[in-house]
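Residue numbers (the working numbering): 3 to 207.
The C-beta atom is built at its ideal place from N, Cα and C for all residues, glycine as well.
Read through the structure below, which is laid out as structure tokens, and then see the notes.
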């Protein structure tokens with residue numbers, strides 16, 4: 003009897019290990035990083051950010067990190083969560099992917115559903131060209147996106163390429179968004195207060 007119970011426990015443990023390994027291969031994080039758990043359980047004493055002269059953001063999707071720079075100097079690193087299907091570049095509306103490439107902040111929303119948010123200028127000109135080539139958008143839509151990006155305005159947000167990609171609050175424990183970049187509320191407030199419209203955002207795989 004004891005042997006049968008032991009075998010059952012071992013089998014169940016093996017199934018869990020296989021499931022976690024398969025999920026991680028697909029780019030999903032089932033077990034939050036220790037620093038995320040700590041960050042969610044207690045408020046840290048924060049040093050105010052210095053005055054930024056030439057800020058930009060670098061998002062490292064694989065590492066689930068967002069880095070704030072002032073010129074060449076790294077100022078601070080934040081933990082992030084991504085879209086629910088984080089592996090690969092965003093292609094279409096609803097695919098759950100966080101886009102990759104060079105963007106800029108085109109709006110700041112103080113009334114976001116997720117505390118505060120910074121709008122990222124997806125789709126880019128390259129995305130628009132791909133969308134036209136793949137018959138996802140029309141030439142008129144491609145031209146409108148290109149004109150908006152060249153003017154540092156909001157590109158079209160409601161095409162088959164998808165849109166409405168934001169840096170926002172709500173928590174960074176896992177990959178839960180529709181393609182946005184999520185931080186804990188205290189972190190996004192820090193960025194919201196520090197960054198101006200048109201700040202460059204680089205997102206890499």
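Take the alpha-carbon of residue 149 and the one of residue 142: they are about 11 Å apart.
Boundaries of the beta strand (DSSP E) around residue 112: 103 to 114. Contact holds between the region 173 to 186 and the region 96 to 104, because three or more Cβ pairs, one in each stretch, are under 8 Å apart.
Counted as a single uninterrupted DSSP element, the stretch harbouring residue 121 is not any alpha helix (DSSP H) but the beta strand (DSSP E) occupying residues 117 to 122. Note on geometry: alpha-carbon atoms of residue 138 and residue 94 lie some 8 Å from one another. For residue 81, DSSP records a beta bridge to 67.
One thing to note: residue 50 has its Cβ no nearer than 8 Å to the Cβ of residue 77.
In the DSSP assignment, no residue is bridged to residue 50.
With 16 or more other Cβ atoms from the protein chains shown falling within 10 Å of its own Cβ, residue 201 counts as buried.
The Cβ-Cβ distance between residue 82 and residue 185 falls below 8 Å. By DSSP's assignment, residue 86 forms no beta bridge with any residue. The alpha carbon of residue 174 has as its nearest neighbour, out of 54, 72, 47 and 65, the alpha carbon of 65. When only Cα atoms are considered, residue 84 and residue 206 end up about 12 Å apart.
Leaving aside the five residues that flank residue 151 on each side, the residues in its chain whose CB is nearer than 7 Å to its CB run, in chain order, 123, 126, 127 and 157.
The C-alpha of residue 163 is placed about 12 Å away from the C-alpha of residue 135.
Exclusion of the five residues before and after residue 131 leaves 144 as the residues of its chain whose Cβ lies within less than 8 Å of its Cβ. The Cβ-Cβ distance between residue 194 and residue 59 does not fall below 8 Å. Taking C-beta atoms under 8 Å as the contact rule, residue 199 and residue 108 qualify, at a distance of about 7 Å.
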